[in-house]
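One structure below.
There are 2 protein chains.
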Amino acid sequence: MKHPTPNAAPDAAPAPDAKSAARRPIPPQFGMDQALWAAWLYYEDGLKQDHIAEQMGISRASVFNLLQKARDEGIVTIAIDPTRIARADLALRLSAATGLSECFVLPAGNSTASLHEQIGHLGARVLENRLGETEVIGVAWGRTVMRLSQLLTPMQRPNVTVAQITGSSAATFDFSPVLCTSNIAERLNARCVNLHAPGVVSTPAVKDILMAEPSIHQHFDLLRQCTMTVFGVTHLIGPTLLVQGGFMSQAEMQVYIDKGAIGFASGHFFDIAGNPVRSEFDDRHITMSHDELLNVPRRICVGGGLPKVGAICGMLRNRLANVLVTDEATAHAVLAEYAKG
Amino acid sequence: MKHPTPNAAPDAAPAPDAKSAARRPIPPQFGMDQALWAAWLYYEDGLKQDHIAEQMGISRASVFNLLQKARDEGIVTIAIDPTRIARADLALRLSAATGLSECFVLPAGNSTASLHEQIGHLGARVLENRLGETEVIGVAWGRTVMRLSQLLTPMQRPNVTVAQITGSSAATFDFSPVLCTSNIAERLNARCVNLHAPGVVSTPAVKDILMAEPSIHQHFDLLRQCTMTVFGVTHLIGPTLLVQGGFMSQAEMQVYIDKGAIGFASGHFFDIAGNPVRSEFDDRHITMSHDELLNVPRRICVGGGLPKVGAICGMLRNRLANVLVTDEATAHAVLAEYAKG
DNA sequence: AGTCATCACTGGCACATGTCAATGACGTTT
DNA sequence: AAACGTCATTGACATGTGCCAGTGATGACT
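Residue numbers (UniProt numbering), protein chains in the order written: chain A, 1 to 341; chain B, 1 to 341.
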């Protein structure tokens, strides 16, 4: 009889309601969200939920719900300064050895969550922290990137553009380029620009035709303005997702492997020494070019797991990333690999 | 026998310590601050303090202490998105009426804290949120600015410069220009540039000489690069702090009042219509010029209280501020004043 | 060497918070 | 118009947190 929004019209407003004692002595009509008010009183004024409930004329449980809503919606942000994590000496040593400009290493907690989950989590924090008012973010795809997108704190970034780096795969991943991109844009309340083209086409000629298409061409113009890219990294050993997911055939993959490729990231293959590995597949793959990628100032790679160590080393030597988010075990292994040669 | 830092050398390391059950199964040696680790597990992984204590091999109370340290030191930041507060319709209407680019209105809680305290608090949040990696912040002085400086969250901003807008007053305020400036710089871990000159000198000639002095000249060159200014606002009615604090004499003040001045902010007087009010005092006052101030992109004024309403209106019309942080009652009053004429 | 001050850590209690099933209002369907 | 589903809200209970005084270790001073 008091709560259902401040439109107190229905119940005779001036009615000297029985136990009205402390009932909304200040019917706030705050013009602002109740959750915001509660959050302010709780987090900034340090009041207890009891007091807030009393002041707002609602139950304490409702205050709790409002606070939770405030956290969920990003009205209140609880953030750990990721630069502190980078400072951890492991990260520092890794940066020094590889030439990364920044490196974030996940503490080796006993967390039960999957590695993708955990690295995506840390990656989300890093992305948020590195995010300016105005950005153009190029997004590739992958399981970790997908988790990252889901773990971003909702925020208002109307001047940020999130663009898809690579064509939409025909395959049905649950972490497709389209999903990764739109998820991130949604969380940031940013402009979402999908690439309305297949990821791989049948002949180079088709690629040429598509690339000449104004709408596609325009998209790649946008990509050249990227201020950051976000992507995962894949190794090629065993039954990889690239083949399993239907992104490419085993035969196509084998060509790269035969040429010495060890990994794949943001649309390009490379060997363990960091040299690009190319094949005719590249001429049919619709994605941002290698040179263009290297022109992006901040290139964030999220990924870890021991099988990926070789791929990560190759990618780092290839310079595709200058920011790496990974886990402790992988960081150690990469460091060892670099020490080796 | 376990806690005093991880240099576990003293107690025979391999000793099969009696109740060693869960004793630091992972003596982390994290290379990183324990507080950081605890904060990560608590705020990001959502573990309970009990679990964390177990994992880290310390008592729960210590975990609590670590978390508090993490909050105190700014490792963990809990922030309310101030843009939401700006969105509150009162703030919106005020922005629309006055031409402010942003406006933040303090919720009218029943807080017992002083108005300076509360507005300083909100101002601190606004400043933090608007702070880029690289800034030059010009700081004036006042009680509210002082509170703001004390309520800033500690953070690392090595590329920020905090510069004093106005000469150091001979008077002994507990909120002098020097203190306001150095406090803010300290909190931000930014470069602090004080103005080593008196605020008011005896004759215009002395001012001219000082202004020609290389070190002073250089300071004003720096001030011209300000990306934001932070200041309070004073009314001139009754025994004002300007006179009481010994900043200027009652006679000097009276000249301004006789000319119609109603307020004073960031070193300049103005009337209720927003016209600058000048006197010979200005020629002896060592401070950033009015024109230079108006060239600063973001000009944040913190202040409220009904006696200041006239002064705030004048200041807004004078354009000295384009961002205002105030309380609800004052906001209403200012809005009413604008509606009037 | 002995004494004292300081500091970090902890046990345990009082209190604050998180959770959940029950409640009642409202809108929708038959 | 009655029956139903949905949703926000709540009271009461189970946990988790905040705090303080007590303890032992360390280092400084006499």
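Heads up, the beta-carbon is just placed ideally off N, CA and C, and yes, glycines get one too. Computed from a predicted structure; not experimentally measured.
Under a three-way DSSP split, which group does residue i fall into?
{"i": "A/D45", "result": "coil"}
{"i": "A/Q68", "result": "helix"}
{"i": "B/L324", "result": "strand"}
{"i": "A/Y338", "result": "helix"}
{"i": "A/D271", "result": "strand"}
{"i": "A/C313", "result": "helix"}
{"i": "A/I262", "result": "strand"}
{"i": "B/R278", "result": "coil"}
{"i": "A/V105", "result": "strand"}
{"i": "B/R299", "result": "strand"}
{"i": "B/C226", "result": "coil"}
{"i": "A/N198", "result": "Inspection of the sequence shows that residue 198 of chain A is occupied by Pro rather than by Asn. It is a strand residue."}
{"i": "A/H332", "result": "helix"}
{"i": "A/S289", "result": "coil"}
{"i": "B/R84", "result": "helix"}
{"i": "A/T144", "result": "helix"}
{"i": "A/G138", "result": "strand"}
{"i": "A/S215", "result": "helix"}
{"i": "A/T240", "result": "coil"}
{"i": "B/A163", "result": "strand"}
Cα-Cα, which of the options is closest to residue i?
{"i": "A/S134", "options": "A/R299, A/C226, A/D33, A/F281", "result": "It should be noted that the sequence gives Thr, not Ser, for residue 134 of chain A. The option with the nearest alpha carbon to A/T134 is A/C226."}
{"i": "B/T166", "options": "B/G267, B/T203, B/G246, B/V206", "result": "B/G267"}
{"i": "B/D221", "options": "B/F247, B/T203, B/V193", "result": "B/V193"}
{"i": "residue 360 of chain A", "options": "A/R319, A/G263, A/H116, A/F281", "result": "Absent from the model: residue 360 of chain A. The displayed extent of chain A is 1 to 341, so no value can be given."}
{"i": "A/G46", "options": "B/F269, B/G305, B/I216, B/H121", "result": "B/H121"}
{"i": "B/S202", "options": "B/S249, B/C180, B/H235", "result": "B/S249"}
{"i": "B/I209", "options": "B/R284, B/L236, B/F270", "result": "B/R284"}
{"i": "B/L236", "options": "B/F247, B/L223, B/M253, B/A70", "result": "B/M253"}
{"i": "A/A205", "options": "A/I78, A/A124, A/H219, A/E280", "result": "A/E280"}
{"i": "B/Q150", "options": "B/I300, B/G123, B/T83", "result": "B/G123"}
{"i": "B/E117", "options": "A/H219, A/L294, A/E44, A/S176", "result": "A/E44"}
{"i": "B/V323", "options": "B/V136, B/L294, B/G341, B/E54", "result": "B/L294"}
{"i": "B/L242", "options": "B/N65, B/S176, B/S215", "result": "B/S176"}
For residue i and residue j, what's the separation of their Cα atoms in angstroms?
{"i": "A/A39", "j": "A/V178", "result": "35 Å"}
{"i": "residue 430 of chain B", "j": "B/L41", "result": "This structure cannot settle anything about residue 430 of chain B, because the visible part of chain B is limited to 1 through 341."}
{"i": "A/D81", "j": "B/L152", "result": "15 Å"}
{"i": "B/V334", "j": "A/I75", "result": "27 Å"}
{"i": "residue 343 of chain A", "j": "A/G310", "result": "No answer is possible for residue 343 of chain A: it lies beyond the span of chain A, which begins at 1 and ends at 341."}
{"i": "B/A96", "j": "B/R87", "result": "12 Å"}
{"i": "A/G238", "j": "A/G245", "result": "13 Å"}
{"i": "B/I52", "j": "A/S59", "result": "32 Å"}
{"i": "A/I119", "j": "B/G304", "result": "46 Å"}
{"i": "A/M56", "j": "A/W37", "result": "9 Å"}
{"i": "residue 343 of chain B", "j": "B/T181", "result": "Missing from the structure shown is residue 343 of chain B; chain B here goes from 1 to 341 and no further."}
{"i": "A/S169", "j": "A/V200", "result": "7 Å"}
{"i": "B/L115", "j": "B/L306", "result": "11 Å"}
{"i": "B/V160", "j": "A/A79", "result": "21 Å"}
{"i": "B/I137", "j": "B/K308", "result": "25 Å"}
{"i": "B/T77", "j": "A/V296", "result": "29 Å"}
{"i": "A/L188", "j": "A/R84", "result": "24 Å"}
{"i": "B/Q29", "j": "B/L66", "result": "With a pLDDT of only 39 at B/Q29, under the threshold of 50, the placement of this residue in the model should not be trusted, and no figure is reported."}
{"i": "A/K207", "j": "A/D282", "result": "10 Å"}
{"i": "A/R23", "j": "B/L195", "result": "Residue confidence is low: A/R23 scores 29 on pLDDT, short of 50, so the model does not pin down where it sits. No coordinate-derived value is stated."}
{"i": "B/A321", "j": "B/E128", "result": "17 Å"}
{"i": "B/D89", "j": "A/R224", "result": "40 Å"}
{"i": "A/P214", "j": "B/M155", "result": "46 Å"}
Would you mind giving the Cβ-Cβ distance between residue i and residue j, rounded to the nearest angstrom? I have them listed as a contact below 8 Å.
{"i": "A/V233", "j": "A/A265", "result": "4 Å"}
{"i": "B/I262", "j": "B/I272", "result": "5 Å"}
{"i": "A/V126", "j": "A/V162", "result": "Not quite, the Cβ-Cβ distance comes to about 16 Å (not below 8 Å), so this is no contact."}
{"i": "B/L94", "j": "B/L100", "result": "7 Å"}
{"i": "B/R157", "j": "B/A190", "result": "5 Å"}
{"i": "B/C313", "j": "B/E337", "result": "5 Å"}
{"i": "A/K69", "j": "A/A113", "result": "At roughly 24 Å, the Cβ-Cβ gap does not stay under 8 Å, so A/K69 and A/A113 are not in contact."}
{"i": "B/M315", "j": "B/F270", "result": "6 Å"}
{"i": "A/R317", "j": "A/G260", "result": "Incorrect: roughly 13 Å between the Cβ atoms, too far for contact."}
{"i": "A/I184", "j": "A/A197", "result": "19 Å between Cβ atoms; not a contact."}
* Three or more C-beta pairs closer than 8 Å, one from the segment 98 to 107 of chain A and one from the segment 138 to 148 of chain A: is that the case here? -> no
* Would you say the segment 326 to 337 of chain A touches the segment 286 to 297 of chain A, given that touching needs at least three Cβ pairs under 8 Å? -> no
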